[in-house]
Amino acid sequence: MERFERLKSSNPDLSLRHVHESSFATYGRVLKDYDVSQLRVLMERTTIPEFGNRYEASIHELEETHLKGLLESSVYGGLEIQIGYCNGMNSFLNGLEYHKVSEVNVAITDFILLLGKVQDIRCNTYSVEQVEAFYVPQDTALELYGTTLHYAPCKVSSSGFKCVVVLPKGVNFPLQYGPREFTLEDKLLFMRSKWLLVHPSRQKLIQEGACAGIKGENLEVVGVADD
3 MERFERLKSS NPDLSLRHVH ESSFATYGRV LKDYDVSQLR VLMERTTIPE
53 FGNRYEASIH ELEETHLKGL LESSVYGGLE IQIGYCNGMN SFLNGLEYHK
103 VSEVNVAITD FILLLGKVQD IRCNTYSVEQ VEAFYVPQDT ALELYGTTLH
153 YAPCKVSSSG FKCVVVLPKG VNFPLQYGPR EFTLEDKLLF MRSKWLLVHP
203 SRQKLIQEGA CAGIKGENLE VVGVADD
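Letter by letter, the sequence shown follows residues 3 to 229 in my numbering.
Rendered as structure tokens:
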């Protein structure tokens with residue numbers, strides 16, 4: 003049985019969809035015309051932590067590839083970008099973030115994304131009942147729109163996941179000023195161009211200033227055996 007079908011069977015409550023299905027168009031688009039082989043080779047040198055996730059916002063070697071210029075001109079309209087990665091062993095929703103700009107992901111391994119819509123946030127809260135799950139196969143490049151709620155990918159097997167993360171330069175870096183709560187949304191601003199809601203179980207992030215706005219269980223993706 004194909005891995006996607008096995009994952010659907012092991013996660014009946016997630017209503018798992020494939021990123022190539024038309025329903026993904028609400029959240030983003032698959033980028034079909036980009037050669038990601040150079041990124042894949044470079045990402046082979048990176049490791050997956052034994053526990054948790056490792057996020058690096060900007061990696062010089064990844065930013066030296068031909069893909070940087072292509073993405074800057076065709077996806078980001080001339081904006082300077084940063085290319086990093088997120089590798090890990092995550093299986094849970096944990097939180098949802100948005101940037102108000104597109105994020106490009108390149109799947110170095112298969113993984114699952116748990117997604118939502120900014121439009122469904124109510125008074126800085128978001129119900130997990132509105133989260134949709136999408137399977138992303140290896141070597142897929144995709145654009146997540148600025149209105150798409152997302153967070154770290156979820157692994158599909160015990161091996162963990164690897165994901166290249168592309169954003170405009172400066173996103174996800176520390177704020178250069180203290181909290182300024184002019185609007186209700188300002189309470190969600192966690193880092194530069196990173197508005198974040200977390201599940202109440204993520205106490206460390208809450209202590210660091212994140213808003214405990216996720217309502218419902220902390221959704222878990224159940225992986226399957228490696229092929």
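Glycine included, C-beta positions come from ideal geometry on N, C-alpha and C.
So, under 8 Å CB-CB, residue i and residue j are touching, yes? Tell me the CB distance rounded to an integer number of Å.
i	j	result
residue 100	residue 45	Actually they do not touch by this definition, with Cβ atoms about 25 Å apart.
residue 31	residue 136	The pair is not a contact, with the Cβ atoms about 12 Å apart (cut-off 8 Å).
residue 200	residue 96	7 Å
residue 170	residue 83	6 Å
residue 158	residue 226	7 Å
residue 112	residue 5	7 Å
residue 98	residue 153	6 Å
residue 50	residue 218	28 Å between Cβ atoms; not a contact.
For residue i, which residues in the same chain have their Cβ closer than 6 Å to its Cβ, ignoring the five residues on either side in sequence?
i	result
residue 197	100, 190 and 191
residue 65	85
residue 220	94, 95, 201 and 203
Measuring CB to CB, does residue i end up less than 8 Å from residue j?
i	j	result
residue 90	residue 42	no
residue 72	residue 144	no
residue 93	residue 223	yes
residue 29	residue 69	no
residue 106	residue 38	no
residue 48	residue 164	yes
residue 77	residue 104	yes
residue 125	residue 186	yes
Excluding sequence positions up to five away, which residues of its chain have a Cβ less than 7 Å from the Cβ of residue i?
i	result
residue 183	189
residue 122	128 and 132
Three-state secondary structure (DSSP) at residue i?
i	result
residue 184	coil
residue 129	strand
residue 53	coil
residue 111	coil
residue 84	strand
residue 43	helix
residue 201	coil
residue 123	coil
If I measure Cβ to Cβ from residue i and keep anything under 8 Å in the same chain, skipping five residues before and after, which residues do I get?
i	result
residue 176	193 and 194
residue 17	134 and 135
*Is the segment 126 to 133 close to the segment 49 to 63, with three or more CB pairs under 8 Å?*
Result no; under three Cβ-Cβ pairs closer than 8 Å.
*Okay, do the segment 108 to 119 and the segment 200 to 213 touch, 3+ Cβ pairs below 8 Å being the bar?*
Touching, no.
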